[in-house]
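In what follows, a structure is listed as structure tokens, so that the remarks can point back to it.
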Amino acid sequence: MAHFTLRSLTLVGVLLLAGCGLPDQVDETVGWNAQKLYSEAKDSMNDGAWERAIKMFEKLEARYPYGRYAQQSQLEVAYAYYKSGEQVSAVAACDRFIKLHPNHANVDYAYYLKGLAYFNEDLGMLGTLANQDLSERDPKATREAFATFKELSQRFPDSKYTPDAQLRMRYLVNALANHEVHVARYYYKRGAYVAAANRAQATIKDFPQSPAVEEALFLLVQSYDALNMPDLRKDAERVMRQNFPNSRYFTGKGTEAEPQAWWKLW
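Once you know that position 223 of the sequence shown is 251 in the working numbering, the rest is easy, because the numbers rise by one and skip nothing.
In structure tokens, the structure reads:
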């Protein structure tokens with residue numbers, strides 16, 4: 029009986045402690061209206077306090093799910109996620125806004141922000157320090173960024189965000205082409221000449237206007253030469269000389285292209 033009583037008292041004590049609100053658990057926003065929550069969230073964003081801004085916007089929408097403040101919060105929280113480096117959450121928030129408000133006056137911005145989130149997904153501190161080119165990374169985010177910017181440009185050609193989106197698209201096309209060449213070069217150096225030739229051909233076919241085509245043709249010539257396919261090698265060299273008569277690869281001075289950081293475009 030004594031043992032049961034002790035356990036019961038312990039349980040009651042735990043429940044009492046759980047029910048007592050500690051000072052750091054007090055919600056300062058209790059009783060705030062939608063305008064107050066939105067104002068505080070915006071002030072937090074202006075101060076760079078992204079985590080606090082996100083919490084404020086989420087509370088606003090949870091308490092006041094209808095009206096202009098809720099709609100604006102859905103878009104603002106996407107930007108806060110983007111600025112705080114939470115790219116996956118930023119994309120999800122943009123997708124949600126686009127789905128809920130496809131005809132909203134600022135839906136073009138949602139597409140643009142989504143594209144930026146994908147564009148910068150791999151550009152973290154380590155990538156910056158290593159000066160790693162997008163072509164050497166997994167191209168999934170690059171393709172998603174391109175598709176998003178393309179949709180923005182097609183749906184909203186007059187949007188103020190479209191010119192920058194199109195500029196980024198041009199870079200992304202080159203990045204994707206460089207990725208194919210990077211893989212082709214990798215295969216060639218390891219003696220996988222058939223795979224190298226296939227990757228080089230894919231670059232030429234899918235990105236015919238990219239500067240990477242020059243090296244792709246050169247890798248194609250080298251691969252066919254290594255495979256002892258003189259006819260295909262001769263044809264590839266003919267195309268290369270026709271399109272790049274002054275190619276540095278013909279002089280023996282060909283070097284792997286220097287990676288261009290995305291920020292050098294602006």
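Ideal placement from N, C-alpha and C gives every residue a C-beta, glycine not left out.
What distance in whole Å lies between the Cβ atoms of residue j and residue i, which are believed to be in contact at a cut-off of 8 Å?
i, j, result
"residue 209", "residue 240", "5 Å"
"residue 221", "residue 200", "Going by Cβ atoms, the distance from residue 221 to residue 200 rounds to 29 Å, so no, they are not a contact pair."
"residue 115", "residue 145", "5 Å"
"residue 88", "residue 62", "6 Å"
"residue 147", "residue 196", "6 Å"
Would you tell me roughly how many angstroms separate the C-alpha atoms of residue i and residue j, rounded to the nearest one?
i, j, result
"residue 223", "residue 252", "11 Å"
"residue 109", "residue 235", "33 Å"
"residue 190", "residue 250", "40 Å"
"residue 265", "residue 233", "16 Å"
"residue 276", "residue 172", "33 Å"
"residue 59", "residue 186", "42 Å"
"residue 67", "residue 212", "53 Å"
"residue 204", "residue 170", "7 Å"
"residue 129", "residue 188", "19 Å"
"residue 168", "residue 94", "36 Å"
"residue 74", "residue 271", "52 Å"
"residue 247", "residue 216", "8 Å"
"residue 237", "residue 273", "16 Å"
"residue 105", "residue 202", "32 Å"
"residue 214", "residue 54", "58 Å"
"residue 269", "residue 113", "46 Å"
"residue 118", "residue 183", "21 Å"
"residue 143", "residue 258", "45 Å"
"residue 121", "residue 64", "22 Å"
"residue 57", "residue 231", "55 Å"
"residue 180", "residue 193", "8 Å"
"residue 175", "residue 69", "31 Å"
"residue 79", "residue 72", "9 Å"
"residue 243", "residue 279", "13 Å"
"residue 162", "residue 149", "At residue 162, the pLDDT of 47 sits below 50, so the modelled position is not reliable; the number obtained from the coordinates is stated separately. Residue 162 and residue 149: Cα-Cα distance of roughly 10 Å."
"residue 134", "residue 92", "20 Å"
"residue 261", "residue 177", "38 Å"
"residue 132", "residue 107", "16 Å"
"residue 218", "residue 90", "56 Å"
Would you say the beta carbon of residue i is closer than 7 Å to some non-hydrogen atom of the ligand ZN?
i, result
"residue 210", "This structure does not include the ligand ZN; it has no bound ligands of any sort."
In the DSSP assignment, find the unbroken alpha helix (DSSP H) run with residue i in it and report its ends.
i, result
"residue 204", "190 to 217"
"residue 258", "258 to 271"
"residue 60", "No alpha helix (DSSP H) holds residue 60; DSSP gives it neither H nor E."
"residue 170", "168 to 183"
"residue 54", "Unbroken run through residue 54: none, as it is neither H nor E."
"residue 237", "From DSSP, residue 237 is part of no alpha helix (DSSP H); its letter is neither H nor E."
"residue 334", "Any question about residue 334 goes unanswered here, given that the chain covers just 29 to 294."
"residue 128", "115 to 128"
"residue 138", "135 to 147"
"residue 220", "Premise fails: residue 220 is in no alpha helix (DSSP H) and is neither H nor E."
"residue 103", "96 to 111"
Please confirm if residue i has its CB atom under 8 Å from at least one CB of chain C.
i, result
"residue 214", "Among the chains of the structure shown, chain C does not appear; only one protein chain is present."
Is it true that the segment 226 to 235 meets the segment 197 to 213, where meeting means three or more beta-carbon pairs spaced less than 8 Å apart?
yes
Are the segment 135 to 149 and the segment 82 to 100 in contact at 8 Å, needing three or more beta carbon pairs?
no
Is the segment 115 to 128 close to the segment 93 to 106, with three or more CB pairs under 8 Å?
yes
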